[in-house]
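Colleague: Heads up: the sequence shown begins at 1 in UniProt numbering, then just goes up one per residue. Positions of the beta carbon are idealized from the N, C-alpha and C atoms, including for glycine. I have a structure I would like to understand better, so I am pasting it below and will then ask my questions one at a time.
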Amino acid sequence: MIPPIASKFVAGEAAAGALDHARQMNDDGVAVILNLLGEHYHERGPADEDADTYVQLVEDIASSDLDACVSVKPSQIGLDVGDDVFVENYRRIAAAADEHGVFLWCDMEDHETTDVTLDAFEEVAREFEGGMGLCVQANLKRTPDDLKRLADVPGKIRLVKGAYDEPASIAHKEKSKVDEVYKELLEYLFREYEGDIAVGSHDPKMIEYARELSAEYDRDYEIQMLMGVREDAQRKLAADGVEVWQYAPYGGKWFQYFYRRVRERKENLLFALRAVVGI
1 MIPPIASKFV AGEAAAGALD HARQMNDDGV AVILNLLGEH YHERGPADED ADTYVQLVED
61 IASSDLDACV SVKPSQIGLD VGDDVFVENY RRIAAAADEH GVFLWCDMED HETTDVTLDA
121 FEEVAREFEG GMGLCVQANL KRTPDDLKRL ADVPGKIRLV KGAYDEPASI AHKEKSKVDE
181 VYKELLEYLF REYEGDIAVG SHDPKMIEYA RELSAEYDRD YEIQMLMGVR EDAQRKLAAD
241 GVEVWQYAPY GGKWFQYFYR RVRERKENLL FALRAVVGI
């Protein structure tokens, strides 16, 4: 069983628990993006198995009354086995999502996977005419050109700051620069992107800037945050009429994910320590 401290960040070990979590968040007005934990498989068997699980998860969401969708990682569904394996499994999940009317997100991983992920998303999103979204990372210096490429691709873009430790030659390293670029790219999406916009940020300044851009350009948007991070703010935003989606991972590989969440942000570490000592 997942210990209470980790359960703040992980929605259970099985799909049933994850769906129950989605139902609870829906009661608070927050929609949920479900992600099965797992990545960097180097053999086809596990990649195909997780793709099968996603197809079943899509069917489970479709047969429920939940406001939920799914998000996949390229390396989880075969990218480290071969580009063709990834694309085959991605298309298979997309077909199921399209058939059942469930939105499908594709996460973005480190810079070495960016080109194949962009190629697969553009190809499959055009094939199914939307109902799909892609994460892009503001810290990568190439992202302005990538957004221009995606401007007319049907679907949705999730803009995040980027959590991977990328080389300085290809990525902005200073927080102030990443914040500056994030705002520039967010404004570009509101101004130029033909699809829908997801603001993937816990930063109150970026959330407020999205509100200002929405008013300026008369465009809708959604806020996306991680499970276990600023959940009070998630509920408050939803109560104020903002569309909020919580990214909620689940599955047996919870320890690695929880460890990464605690390491990457000082606030998460403090949260975990408070949970341990009971304050």
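With DSSP as the reference, label Asp27 as helix, strand or coil.
Modeller: As a position in the sequence shown, residue 27 is number 27, starting the count at 1. Of the three classes helix, strand and coil, the one that applies to Asp27 here is helix, per DSSP.
Colleague: Cα-Cα, which of Asp28, Asp107, Arg126, Lys175 is closest to Pro154?
Modeller: Residue numbering aside, residue 154 sits at position 154 when the sequence shown is read from its first letter. Ranking Asp28, Asp107, Arg126, Lys175 by Cα distance to Pro154 puts Arg126 first.
Colleague: How many angstroms separate the CA atom of Ala275 from the CA atom of Lys8?
Modeller: Residue numbering aside, residue 275 sits at position 275 when the sequence shown is read from its first letter. Residue numbering aside, residue 8 sits at position 8 when the sequence shown is read from its first letter. Residue confidence is low: Ala275 scores 45 on pLDDT, short of 50, so the model does not pin down where it sits. Its coordinate-derived value is still stated next. Cα atoms of Ala275 and Lys8: separation of roughly 10 angstroms, rounded to the nearest angstrom.
Colleague: CA-CA distance, Leu57 and Val229?
Modeller: Here residue 57 refers to the residue found at position 57 when the sequence shown is read from its first residue. Here residue 229 refers to the residue found at position 229 when the sequence shown is read from its first residue. Those two C-alpha atoms are separated by around 24 angstroms.
Colleague: Comparing alpha-carbon positions, which option in Glu194, Ala68, Val10 lies nearest Val30?
Modeller: Here residue 30 corresponds to residue number 30 of the sequence shown, with the count starting at 1. It is Ala68.
Colleague: Contact between the region 155–163 and the region 131–145: three or more CB pairs below 8 angstroms?
Modeller: yes
Colleague: Would Leu34 and Ala47 qualify as a contact pair, given that the criterion is a beta-carbon distance under 9 angstroms?
Modeller: The count along the sequence shown starts at 1 and reaches residue 34 at position 34. The count along the sequence shown starts at 1 and reaches residue 47 at position 47. No. Outside cutoff.
Colleague: Would you grab the beta carbon distance between Leu185 and Val199 for me? Rounded to a whole angstrom, and I think it's under 8 angstroms.
Modeller: Position 185 of the sequence shown, counted from the start, is the residue given in the question as residue 185. Position 199 of the sequence shown, counted from the start, is the residue given in the question as residue 199. Rounded, the Cβ-Cβ distance is 11 angstroms, inconsistent with contact.
Colleague: Look up Ile157 in the DSSP assignment and say whether it is helix, strand or coil.
Modeller: Mapped onto the sequence shown, residue 157 falls at position 157. Strand at Ile157.
Colleague: Cβ atoms of Val85 and Ala44: under 9 angstroms apart, would you say?
Modeller: Counted from its first residue, the sequence shown places residue 44 at position 44. Counted from its first residue, the sequence shown places residue 85 at position 85. Correcting the residue type first, residue 44 is Arg in the shown sequence and not Ala. Going by C-beta atoms, Arg44 is nearer than 9 angstroms to Val85.
Colleague: Assign Pro249 to one of three DSSP states: helix, strand, or coil.
Modeller: Position 249 of the sequence shown, counting from 1, holds the residue named residue 249. If DSSP states are grouped into helix, strand and coil, Pro249 belongs with the strands.
Colleague: Helix, strand or coil: how does DSSP classify Leu79 here?
Modeller: The residue given as residue 79 occupies position 79 in the sequence shown. Residue state, collapsed to three classes: coil.
Colleague: Pick helix, strand or coil for Met227, following the three-state DSSP scheme.
Modeller: Mapped onto the sequence shown, residue 227 falls at position 227. Met227 falls in the coil class under three-state DSSP.
Colleague: Please classify Ala138: does DSSP put it in a helix, a strand, or coil?
Modeller: Here residue 138 is taken as the residue at index 138 of the sequence shown, counted from 1. Note: Ala138 maps to coil in three-state DSSP.
Colleague: How big is the Cα-Cα spacing for Glu212 and Glu122?
Modeller: Sequence index remark: in the sequence shown, residue 212 carries index 212 (1-based). Sequence index remark: in the sequence shown, residue 122 carries index 122 (1-based). Taking the straight line joining both Cα atoms gives about 29 angstroms.
Colleague: Where does Val32 fall in DSSP's three states?
Modeller: As a working note, residue 32 is residue 32 in the sequence shown. Val32: strand per DSSP, three-state reduction.
Colleague: Quick one: give me the first and last residue of the alpha helix (DSSP H) that Ser176 is part of.
Modeller: Residue mapping note: residue 176 aligns to position 176 of the sequence shown, counting from 1. From DSSP, the alpha helix (DSSP H) with Ser176 extends over 175–192.
Colleague: Where Leu189 and Asp27 are concerned, what is the direct C-alpha to C-alpha distance, given to the nearest angstrom?
Modeller: Reading the sequence shown from its first residue, position 189 is the one you call residue 189. Reading the sequence shown from its first residue, position 27 is the one you call residue 27. Approximately 30 angstroms between the Cα atoms of the pair.
Colleague: At the level of alpha carbons, what is the spacing between Val181 and Gly82?
Modeller: As a first step, residue 181 must be located in the sequence shown, where it is residue number 181. As a first step, residue 82 must be located in the sequence shown, where it is residue number 82. Approximately 32 angstroms, taken between the alpha carbons.
Colleague: For Ala22, I'd like the list of residues in its chain whose CB is within less than 6 angstroms of its CB, leaving aside the five on either flank, ordered along the chain.
Modeller: Against the sequence shown, residue 22 aligns to sequence position 22. Taken in chain order, the residues that qualify are Val32, Leu66, Ala68.
Colleague: From this set, Gly38, Ser214, His111, which residue's C-alpha is nearest His172's C-alpha?
Modeller: If you number the sequence shown from 1, residue 172 lands on position 172. Residue His111 is the option with its Cα nearest to His172.
Colleague: Excluding five sequence neighbours on each side, which residues of the same chain lie with their C-beta closer than 8 angstroms to the C-beta of Arg219?
Modeller: Locating residue 219 in the sequence shown gives position 219, counting from the first residue. Within the same chain, Arg219 has close Cβ partners Phe190, Ile197, Leu213.
Colleague: Over the uninterrupted beta strand (DSSP E) stretch that includes Ser71, give me the two end residues.
Modeller: Numbered from 1 along the sequence shown, position 71 holds the residue referred to as residue 71. Note, Ser71: beta strand (DSSP E), 68–72.
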